[in-house]
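*Asks:*
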Amino acid sequence: MACVRNTISVSKIILLFLALMTYSVLLSLISSEIFLRRYHSNILNQSRDLKGSDNILKQLEIVPEQPSIVLVQSDVVLEQSSKVLKVRNDSDAKSSSNQNKKESMQVNSHHDNQWNGKEGNRAFYKIPGVEIYLKSAHLDDRFNETCVRMFGIQNTRIKNNQTRLYCRFTIDGATYKSYKYVPVKIVPVFPPYPYGVLFYTSSYWCDVPHLSDTDFVGIYTSRSIETNDGTFLKIENEQLKTGKVKQNMSICVKPITGTQNVLRFVEWIEFHKISGIDHFVIYTNESNNANKNEVEQILDYYQTKGLLDVQYDRFFYSILPHLKVKYELNDEKIGWIMSQVYLTSYNDCLYRYRNRFNYILMLDLDEIISSSDPNIRIIDVIESGAARLPNVGGWPFHSGWHLDTYGQVNISPHQHLHSQMYLKRSIINSDSDKTFSATAYALLVTWHVTVYCKYTQGPIRENCNMFPGMYLKPAVEQAIVVHHYRHSCRSMPKKCEEYLKGTVVDNSTLQYGDALNINVVKVFKDLDLPFP
92 MACVRNTISV SKIILLFLAL MTYSVLLSLI SSEIFLRRYH SNILNQSRDL
142 KGSDNILKQL EIVPEQPSIV LVQSDVVLEQ SSKVLKVRND SDAKSSSNQN
192 KKESMQVNSH HDNQWNGKEG NRAFYKIPGV EIYLKSAHLD DRFNETCVRM
242 FGIQNTRIKN NQTRLYCRFT IDGATYKSYK YVPVKIVPVF PPYPYGVLFY
292 TSSYWCDVPH LSDTDFVGIY TSRSIETNDG TFLKIENEQL KTGKVKQNMS
342 ICVKPITGTQ NVLRFVEWIE FHKISGIDHF VIYTNESNNA NKNEVEQILD
392 YYQTKGLLDV QYDRFFYSIL PHLKVKYELN DEKIGWIMSQ VYLTSYNDCL
442 YRYRNRFNYI LMLDLDEIIS SSDPNIRIID VIESGAARLP NVGGWPFHSG
492 WHLDTYGQVN ISPHQHLHSQ MYLKRSIINS DSDKTFSATA YALLVTWHVT
542 VYCKYTQGPI RENCNMFPGM YLKPAVEQAI VVHHYRHSCR SMPKKCEEYL
592 KGTVVDNSTL QYGDALNINV VKVFKDLDLP FP
């Protein structure tokens, strides 16, 4: 009888244990869901009275560790590090930006698991032993602490709180070279979206130790001095040229793919020049499309004038084929990954050009932004808002869709120009806002939103609640509209019906027509391209 009672007691204990385990798992899942919902709310709900934001950095970063220092006698420095230091020392005597790009490629050339394109390409570099591909590294000295920020994509199976990465910095001494290892913090730029995506973009950052070399940074999965499994990145730190003044606004465009309509491309640039945009950054993957030569002609034309920079993105033709074979990706899943890869370009652009421009806008080639009132300039609206609300990281503007299916409006004499022909527009909506990032405060950029640190005082890793940008007063913001030109509305059926009901004829772009036509014709004449 005692054995029976003991058996029953043991059974009860086992059942109780299983119940507690089940409860723990459910609680963990619920907590994760609540966290994701809060994160999405912070990113997507851009209301000025946003409250209850989580400390995203504190929840997502790796558990802090104390930096470790390893002293190495100068005559036994690792061969790999010697190569890096040699490149660094050689670069001191060479001032051209092209040479710096070549040196950056030399640093990574000895890693078999990294892909390198032609000189000047912005390749992605794989961290050995973990499926993380880094695009670039940038020095950030805007706040109380100087850090290096890197951007890349990582497999969704990687658990950030279980993954150890270290930045390795070199400190030159009189008789010793020391390496200091600093733990890397990992923050998703945006949670894995859409759900099921294989890779997503993250920000990787680490504090810079005192007296460290800030030309290069090594990324390691171990703090052992004996390891040779590291990835070296040149730390990009674009500075204003001597005598130059920081310009107001630049536009960054995600990697362009496929055949481009050259007339619309030139129209897009010239339209924004008239709108007050100072500069353009075009990311390209060097696709071998039908009119590649014409596109390169146009890019070279504006580069020569100092109005445009080209940054190369080799992910589509270098790393993606490898992933496609490994994971048997279909077109839909490739599209999901590419939407995340675009975030690496956006954030690379923000940090690469933050010292040259006050505000940077991430925009697509089928979108234009303009003021409906010729007396209201875009920069004036933004600076007015910044004067009232300092330290804000971004200023979003609503958009309206111009669909080909709405039909043309034959008012303008310049019917060959897209912005003068498709005037029918949906209601102004906040479904696809575009945001000017304030380079003094912006931390991260998503497809539509800039995220910044609400509290700029104190160590940013400990005292930072991440907020989206702030809207301007409605009466003013409606003057600035993002015109989104698409063939048709397919992705959101219910929204499409709503947009169709509110269609209006928007004549605001016609004010640019005459000047726009003159400028476009001149570019085609200068390039000796056939005008359509």
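Here the sequence shown stands for residues 92 to 623, numbered as in my numbering.
Even glycine gets a Cβ: it sits at the ideal position worked out from N, Cα and C.
Remember, predicted model here, so these are calculated numbers, not experimental data.
My understanding is that Asn251 touches Ile218, with C-beta atoms under 8 Å, so please give their C-beta distance in whole angstroms.
*Replies:* The Cβ separation is near 14 Å, so there is no contact.
*Asks:* Give me the Cα-Cα distance between Val344 and Lys383, rounded to the nearest whole angstrom.
*Replies:* Using only the alpha carbons, I get a separation of about 17 Å.
*Asks:* Considering only residues of the same chain and omitting the five flanking positions on each side of Phe448, which have a CB-CB separation below 8 Å?
*Replies:* Taken in chain order, the residues that qualify are Lys337, Gln338, Asn339, Met340, Ser341, Asp369, His370, Thr530.
*Asks:* According to the Cβ coordinates, are Tyr291 and Ile244 closer than 8 Å?
*Replies:* For Tyr291 and Ile244, yes; Cβs fall inside 8 Å.
*Asks:* Evaluate the contact criterion for the region 422 to 433 versus the region 232 to 241: three or more CB pairs, one atom per stretch, below 8 Å.
*Replies:* No, the region 422 to 433 is not in contact with the region 232 to 241.
*Asks:* Please check the pair Asp231 and Tyr437, which I expect to be a contact at CB under 8 Å, by giving their CB distance rounded to whole angstroms.
*Replies:* Contact doesn't hold; Cβ gap of about 16 Å is too wide.
*Asks:* Figure out for me which residue from Phe615, Ser517, Gln602, Lys613 has the closest Cα to the Cα of Cys580.
*Replies:* Among Phe615, Ser517, Gln602, Lys613, the Cα nearest to that of Cys580 belongs to Ser517.
*Asks:* Which first and last residues belong to the beta strand (DSSP E) in which Tyr257 is found?
*Replies:* Tyr257 -> beta strand (DSSP E) spans 257 to 263.
*Asks:* Do the region 508 to 524 and the region 607 to 615 meet, that is, are 3 or more Cβ pairs less than 8 Å apart?
*Replies:* Touching, yes, given that three or more Cβ pairs across the two stretches are closer than 8 Å.
*Asks:* Given a threshold of 16 other Cβ atoms within 10 Å of its Cβ, counted over all protein chains shown, does Ile467 qualify as buried or as exposed?
*Replies:* Classification of Ile467: exposed, given that the 10 Å Cβ count is below 16.
*Asks:* Looking at Phe527: is its Cβ nearer than 8 Å to the Cβ of Ile459?
*Replies:* Against a cut-off of 8 Å, the Cβ pair of Ile459 and Phe527 comes out as no contact.
*Asks:* Tell me the rounded alpha-carbon separation between Ser463 and Lys364.
*Replies:* For Ser463 and Lys364, the distance between alpha carbons rounds to 16 Å.
*Asks:* Going along the chain, which unbroken runs of the beta strand (DSSP E) with 3 or more residues stay wholly within the region 393 to 455?
*Replies:* Correct list: 399 to 404, 448 to 453.
*Asks:* Using 8 Å as the cut-off, can you tell me whether the region 305 to 312 makes contact with the region 484 to 504, which would need three or more C-beta pairs spanning the two stretches below that distance?
*Replies:* The region 305 to 312 vs the region 484 to 504: no contact.
*Asks:* Whole beta strand (DSSP E) runs in the region 461 to 526 with 3 or more residues, listed along the chain?
*Replies:* With a minimum length of 3 residues, the continuous beta strand (DSSP E) runs that stay inside the region 461 to 526 are 485 to 494.
*Asks:* Quick check on this structure: which residue in Val500, Phe407, Asp457 has the alpha carbon closest to the alpha carbon of Trp359?
*Replies:* Trp359 has its Cα closest to that of Asp457, out of Val500, Phe407, Asp457.
*Asks:* Helix, strand or coil: how does DSSP classify Asp597 here?
*Replies:* Residue state, collapsed to three classes: coil.
*Asks:* How would you call Tyr286, buried or exposed, if buried means at least 16 neighbouring beta carbons within 10 angstroms?
*Replies:* Burial call: exposed.
*Asks:* Would you kindly work out how many angstroms separate the C-alpha atoms of Lys177 and Asp263, rounded to a whole number?
*Replies:* In this prediction, Lys177 scores a pLDDT of 34, lower than 50, which makes its location untrustworthy; no coordinate-derived value is stated.
*Asks:* Beta-carbon within less than 8 Å of Val612's beta-carbon, same chain only, minus the 5 sequence neighbours each way: which residues are those?
*Replies:* Cβ neighbours of Val612 beyond the five flanking positions: Phe622.
*Asks:* Can you check which of these residues, Tyr543, Gly491, Asp597, is closest to Ile519 by C-alpha distance?
*Replies:* Among Tyr543, Gly491, Asp597, the Cα nearest to that of Ile519 is on Gly491.
*Asks:* If you reduce the DSSP assignment to three classes, tell me which class Phe307 lands in.
*Replies:* The answer is strand: DSSP assigns Phe307 an E or B state.
*Asks:* Could you name the residues of the same chain whose beta carbon sits closer than 7 Å to that of Ile373, not counting the 5 residues immediately before and after it, in chain order?
*Replies:* Around Ile373: Val344, Ile347, Leu390, Leu399, Val401.
*Asks:* Consult DSSP for Gly604 and reduce its assignment to one of helix, strand or coil.
*Replies:* Gly604 falls in the helix class under three-state DSSP.
*Asks:* Using alpha carbons as the reference points, say which of Asn246, Ser366, Tyr418, Trp486 lies closest to Ile451.
*Replies:* Out of Asn246, Ser366, Tyr418, Trp486, Trp486 has the C-alpha closest to the C-alpha of Ile451.
*Asks:* So for Pro279, helix, strand or coil by DSSP?
*Replies:* Pro279: strand per DSSP, three-state reduction.
*Asks:* How close, in whole Å, do the beta carbons of Tyr418 and Leu289 come, if the pair is a contact with beta carbons under 8 Å?
*Replies:* The Cβ separation is near 6 Å, so the contact holds.
*Asks:* Mind checking whether Val280 and Leu494 have CB atoms under 8 Å apart?
*Replies:* Not closer than 8 Å, so no.
*Asks:* Nearest to Glu329 by alpha carbon, out of Asp306, Val596, Pro282?
*Replies:* If we check each option's Cα against that of Glu329, Asp306 comes out closest.
*Asks:* In chain order, what residues of the same chain lie with their CB nearer than 8 Å to the CB of Gly367, ignoring the 5 residues before and after it?
*Replies:* Hits under 8 Å: Asn339, Met340, Arg468, Ile469, Ile470.
*Asks:* Between which two residues does the beta strand (DSSP E) harbouring Ser346 extend?
*Replies:* Sequence inspection shows Pro at residue 346; the Ser mentioned does not correspond to that position. 338 to 347 is the span of the beta strand (DSSP E), which, as asked, contains Pro346.
*Asks:* Compare the C-alpha of Pro300 against each of Glu588, Gly476, Tyr224, Val275 and name the closest.
*Replies:* Per the Cα distances, Val275.
*Asks:* Measure the CB-CB distance between Val47 and Val596 and report whether it falls below 8 Å.
*Replies:* Outside the modelled stretch of the chain, which goes from 92 to 623, sits residue 47, for which no answer is possible.
*Asks:* For the beta strand (DSSP E) that contains Arg240, what are its first and last residues?
*Replies:* Per DSSP, Arg240 belongs to the beta strand (DSSP E) from 238 to 246.
*Asks:* Going by other Cβ atoms of all chains shown within 10 Å of its Cβ, with 16 needed for buried, is Leu225 buried or exposed?
*Replies:* It is buried - the Cβ of Leu225 has at least 16 other Cβ atoms within 10 Å.
*Asks:* Cys297: which of Ser315, Asp320, Ile326, Pro283 sits nearest, CA to CA?
*Replies:* Closest option to Cys297, Cα to Cα, is Ile326.
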